[in-house]
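J.: Every position in the sequence shown, counted from 1, becomes a number in our numbering once 712 is added. Sharing a structure with you now.
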Amino acid sequence: MKNISYLFLALALLAEVLGTIGGFGSSVFFVPMANFYFDFESVLGLTAIYHLSSNLSKIFLFKKGLDKKLLLHMGLPSVVLVVLGGLLTQAFNPHYLELTLGIFLVGLALLFLIKKEIIITPNRKNAMIGGGLSGFSAGLLGTGGAIRGLTMAAFNLEKSVFIATSAFIDLLIDASRTVVYFYNGFIHQHDLIYVPFLLLIGLIGTSLGKSILKHIPQDKFKKISLSLILIIGLITLTNLLVH
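What follows is the structure, encoded as structure tokens:
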């Protein structure tokens, strides 16, 4: 127990609460934060395991909002490309990949916040593109929820639909990449001491996030989601500068 960082666990809980409120999952906050404590491979392995619990909690608490058609259109490309991204993790320098992701998230979030008239047409093609990009990013960088969140936020989905569908897609992604990360040797035995704590935090954080979400009007939800994505991008870029 002496080797456990309780500050890290507290930040993981905060990541789960914010990820639930934003609707796109905790990994978008968890990955940049965990990079301060672990090497990149350990972060990928822990994120996949942690996220399985997190998304099961969201599906249970928001199950009535599931959009099966959107799940199919975004979920299938996500699962296919998360495997490809996971297999390619060892072929690229993670520093440049994280830099690209940070710039992309900041730029896209600012664009949709400033140019509010821009609307992504809610059709199958755009859903598949957004799902594929989020899956590939999740496999390669450990986090793809923000890219999926940008797509789903532009679709102006109702809160429960947004969160339940995003969580189910994430669950499929996590199940796939956990196998790939295990094959790559990213799930280290010395990191497993954190797993029971993270599984509990996934449930508690989701419940807290749902309670807070009840007090957020639907018309404010999209703006909050985009603002959180902007913060994620800035955290990612700051993390790179610190290292």
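Don't be surprised by glycine CBs; every beta carbon is placed ideally from N, CA and C.
So, is H900 buried or exposed, given that buried needs 16 or more other C-beta atoms within 10 angstroms?
T.: Exposed is the call here.
J.: In whole angstroms, what separates the C-alpha of I936 from that of L725?
T.: The alpha-carbon atoms of I936 and L725 are separated by roughly 19 Å.
J.: Is DSSP giving I826 helix, strand or coil here?
T.: Of the three classes helix, strand and coil, the one that applies to I826 here is helix, per DSSP.
J.: Tell whether a beta-carbon distance below 8 Å holds between L723 and L940.
T.: Against a cut-off of 8 Å, the Cβ pair of L940 and L723 comes out as no contact.
J.: In the DSSP assignment, find the unbroken alpha helix (DSSP H) run with T877 in it and report its ends.
T.: Residues K871 to N896.
J.: Taking just the CA atoms, how far does A839 sit from F804?
T.: The alpha-carbon atoms of F804 and A839 are separated by roughly 27 Å.
J.: On a CA-only basis, which of F874, L904, L920 and G851 is nearest T890? Give me that one, please.
T.: Of the listed residues, the one whose Cα sits closest to T890 is G851.
J.: Report, in whole angstroms, the separation of the C-beta atoms of G897 and G734, which I expect to be a contact under 8 Å.
T.: About 32 Å separates the two Cβ atoms, so there is no contact after all.
J.: G847 and S739: beta carbons closer than 8 Å?
T.: No.
J.: According to DSSP, is M867 helix, strand or coil?
T.: Inspection of the sequence shows that residue 867 is occupied by Phe rather than by Met. In the structure shown, F867 sits in coil (DSSP, three-state: anything other than H, G, I, E or B).
J.: Can you name the start and end residues of the alpha helix (DSSP H) that T801 belongs to?
T.: Segment: none, T801 is in no alpha helix (DSSP H) and carries neither H nor E.
J.: Considering only residues of the same chain and omitting the five flanking positions on each side of L813, which have a CB-CB separation below 7 Å?
T.: Excluding positions up to five away in sequence, the list reads S849, L853 and T948.
J.: Is the stretch 867-881 touching the stretch 769-777, taking contact as three or more C-beta pairs under 8 Å?
T.: Judged by Cβ distances under 8 Å, the stretch 867-881 makes contact with the stretch 769-777, as three or more pairs qualify.
J.: Where L784 and E728 are concerned, what is the direct C-alpha to C-alpha distance, given to the nearest angstrom?
T.: In a straight line, the C-alpha of L784 is about 25 Å away from that of E728.
J.: Residues in the same chain with beta-carbon distance under 7 Å from V795, minus the five sequence neighbours each way, listed in chain order, please.
T.: These residues qualify, in order along the chain: G851, S888 and V892.
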